[in-house]
Amino acid sequence: MNQASTPNDDFFGHPIGLRTLFLTEMWERMSYYGMRALLVLYMTGAMTGFNPGLGWSQLEAQAIYGIYVGMVYFIVIPGGWLADNILGHQKAVLIGAIIIMLGHFTLAIPIDQTFFLGLIFVVIGTGLLKGNISTIVGKLYSDEDGRRENGYYVFYMAINIGSTLGFLICSYLGEKIGWHWGFGAAGVGMTFGVIQFIKTRHLLGAAGAEPNSMDEARRSRLVLWSKISLAITAIVIIAGLVGLYTINARAFAEGFYYFLSFVAGTYFLYLYFFAGLTSEEKKSVILLGLLFIGAAAFWSGFDQSASSLSIFARDYTDLSISGYIIPIGWLQFANPIFVVIFAPVFAGMWTQLARKNLNPSLPIKFAFGLLLMALSFVVMLYAVELALVSSPVNMRWLILTYLIQTWGELALSPVGLAAFSRHSPKKYVGQMFGLWFTASAIGGVLAGLLGGDALVEGLDSISPVFGFMVQYYVIIAVALIVISFLIGKTREGKES
Ligand code: GLN
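Under the working numbering, residue 1309 is the last one in the sequence shown; the count climbs by one each step, no gaps.
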């Protein structure tokens, strides 16, 4: 599947197909983060005034946000299965991108009734696109090609350039002109991504073009089962949309959290006890299980950028710069901008440490990420104290929070993705990739639940929740460090 690349057809020294994936992911993340930054603000916005929102309670809106983020990352698993077995990854990405585009345009319709339909489209489309596009990146390189890791690093840049654009454009239009203009802008961004993908898809060559080979009888059976499952899902969704049943968002989010934890836990137990793994592979499964818990905890704080922290920015932060009130979502592009600035620093740091044989092991890096996440919420606890005395507070506190969280992200996220592809038992790599995104799903749901709890009584209820989070980050980080010492693995590539 290797794409030959010559000096004339490369992309920063990578196969030219990476350019296609880079731009598609950039536009997709522009639309995803741009719309996500508006979501809670729109749901909790007052129903009257210049830019009327839906007027929902914090508890409900944050729960819906959590379910949305959780679903986006959970649907990556069936999306990956469909691509592997039926569609092929390229087709899955294209169909996903088109569905996402339709979702954002549905949200752009200036009526409330189509809101959930739009969200459902974006969830399904992202499920088809997000994991599969990451898989095609890997397929651009042969197994021996040393550029693969660096290719993922270039791809991570696409994610962050895209989200910067999203916050910049969608937040401005959504907050200053009208919510639905912001949603529409996300749709226009995704349209650029779709056109670009169609025009340059041929550059991907065979990478991800075909599904796994299998005999046709089996494939037809799988197609039939997929169609039946899709039809049942569609009926359940339509019944909900036309009001045949109603859902309590908060209770659903809680149930979804338990469901995801149960699925992930059962899968790890299955792998350990029943998958016929060697003792070496079993050790890796334990390691990945620990990283999974660390990642889920990490995202539960990180994803509050568009939930509780966004409301803190709206209600308790001074957003004026030389007299101009910036859109609330603009504070969030601190994260992607800091990623672009600091990613090379972190990559260089690990390489330097590795040279001296001091590269920390994966659990230690994750613990470091979690401690930084804890520290970021300590900053927020201080900001809340200030706001209790005199509100609004300076925006520097949120920017500092995002800076520290970004350092945490860089210690954990790219490292975790690479770890799941390197340490997963060979036969199960695809599914383990899905599991990595399940950690994001659990984190997303928790972000909605914790964000709701934090804001239920305005400023007063924030500190107990953030204080609790700081404690659980520290406990998990310490547990990871202790376990690393117990199993004698504190450095990467070396038993200490
Ligand atoms: N910021 C990264 C992305 O959008 C990772 C997000 C996550 O896994 N929760 O791809």
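Glycine included, every Cβ here is placed at the ideal spot set by N, Cα and C.
Every value quoted in this text rests on a predicted model; they were computed, and no experiment measured them.
- Unbroken beta strand (DSSP E) stretches of 3 residues or longer found wholly inside the region 873 to 910: none.
- By the neighbour-count criterion, in which 16 or more other beta carbons inside 10 Å mark a residue as buried, residue 1110 falls on the buried side.
- As the crow flies, the alpha-carbon of residue 1040 is around 41 Å from that of residue 1267.
- In this structure residue 847 does not touch residue 921 by the C-beta definition: roughly 12 Å separates them, more than the 8 Å allowed.
- Not one heavy atom of the ligand GLN lies closer than 6 Å to the C-beta of residue 840.
- A heavy atom of the ligand GLN is found nearer than 6 Å to the CB of residue 1112.
- For residue 1128, the enclosing alpha helix (DSSP H) stretches over residues 1121 to 1129.
- Judged by DSSP in its simplified three-state form, residue 972 adopts helix.
- Counted as a single uninterrupted DSSP element, the alpha helix (DSSP H) harbouring residue 1078 occupies residues 1062 to 1087.
- Here the alpha carbon of residue 944 sits roughly 33 Å from the alpha carbon of residue 1192.
- Annotation: residue 852 to residue 1119 spans about 8 Å, alpha carbon to alpha carbon.
- Closer than 6 Å to some heavy atom of the ligand GLN: that describes the Cβ of residue 972.
- Counting only residues of its own chain and dropping the five nearest sequence neighbours on each side, residue 1287 has a CB closer than 6 Å to the CB of 1187.
- Of all alpha-carbon atoms in 966, 1219 and 931, the one lying nearest the alpha-carbon of residue 825 is that of 966.
- For the 7 Å CB-CB criterion, residue 1293 and residue 1190 do not form a contact.
- According to DSSP, residue 1133 shares a beta bridge with 1138.
- For residue 828, the pairing in a beta bridge is given by DSSP as 823.
- Out of 1157, 1123 and 1151, the CA that lies nearest to the CA of residue 1141 is found in 1123.
- Around the Cβ of residue 956, a 10 Å sphere holds fewer than 16 other Cβ atoms; the residue is exposed.
- In its chain, beyond the 5 residues on either side, 1085 have a beta carbon closer than 8 Å to the beta carbon of residue 1099.
- Contact annotation, residue 834 with residue 949: C-beta distance approximately 6 Å; criterion of less than 8 Å satisfied.
- Counting along the chain, residue 1236 sits inside the alpha helix (DSSP H) bounded by residues 1209 to 1236.
- Exposed is the label assigned to residue 1136, since fewer than 16 other Cβ atoms lie within 10 Å of its Cβ.
- In this structure, the straight-line span from the alpha carbon of residue 1138 to that of residue 1132 is close to 5 Å.
- In this structure, the straight-line span from the alpha carbon of residue 1262 to that of residue 1210 is close to 23 Å.
- Residue 1253 has its CB nearer than 6 Å to a heavy atom of the ligand GLN.
- Where residue 1148 is concerned, the enclosing alpha helix (DSSP H) starts and stops at 1147 to 1168.
- Approximately 43 Å separates the beta-carbon atoms of residue 1301 and residue 876; this is outside 8 Å, ruling out the contact.
- Beta-bridge partners assigned by DSSP to residue 1206: 1130.
- The beta carbons of residue 1047 and residue 1184 sit no closer together than 7 Å.
- Residue 864 carries a coil assignment under DSSP once its states are collapsed to helix, strand and coil.
- Listed in chain order, the non-local C-beta contacts of residue 1117 below 6 Å within the same chain comprise 1260 and 1264, local neighbours out to five positions each way being set aside.
- By the 16-neighbour rule on beta-carbons within 10 angstroms, residue 1165 is exposed.
- Comparing C-alpha distances from residue 837 to each of 870, 1010 and 989 shows the shortest one belongs to 1010.
- Taking the CA atoms as reference points, residue 1012 sits about 12 Å from residue 830.
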